[in-house]
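Asker: In the numbering used here, the protein residues as written are 825 to 976.
#1: Using three-state DSSP, classify residue 898 as helix, strand or coil.
#2: Measure the CB-CB distance between residue 850 and residue 969 and report whether it falls below 7 Å.
#3: Which residues in the same chain have their Cβ closer than 7 Å to the Cβ of residue 899, if we skip the five residues on either side of it in sequence?
#4: For the alpha helix (DSSP H) that residue 974 lies in, which residues bound it at each end?
#5: Less than 7 Å between the beta carbons of residue 863 and residue 835, yes or no?
#6: Can you check which of these residues, 922, 956, 926 and 845, is closest to residue 889 by C-alpha distance?
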């Protein structure tokens, strides 16, 4: 995947993961921090994929970076942060499965065809990340955030 398409899809997805983790932790969503965190966390898989390391290594590293960001910048306990970060990644995995299944069913397209079309594949990823961000907003609306959750 080209660098442009990678970041077009990766930054909103990482923002959604961070926003959902914060919403589940009942921390108010501060979009400046979420955008900055999304950019930082999306750079990590880009660098790791360029290295000669095991495929999939970027996933545990991203989980750990989001965990560190949450416990260093908020008053969320480490145990709660672990649960919310893993829950966010689970929601993303479920969302990717559902969106891909629905897309391939509706279009009758072969998965290899979609993956080879970088623009289409990135558009599907952007759609998933938008849904992920809306889920984070909905959870933040229903699970009222605890004030003063951010460290100063």
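Every residue, glycine too, gets a C-beta built ideally from N, C-alpha and C.
Answerer: Per the coordinate set shown:
#1: In the structure shown, the three-state DSSP call for residue 898 is strand.
#2: yes
#3: 973 and 975
#4: Premise fails: residue 974 is in no alpha helix (DSSP H) and is neither H nor E.
#5: Contact: yes.
#6: 845
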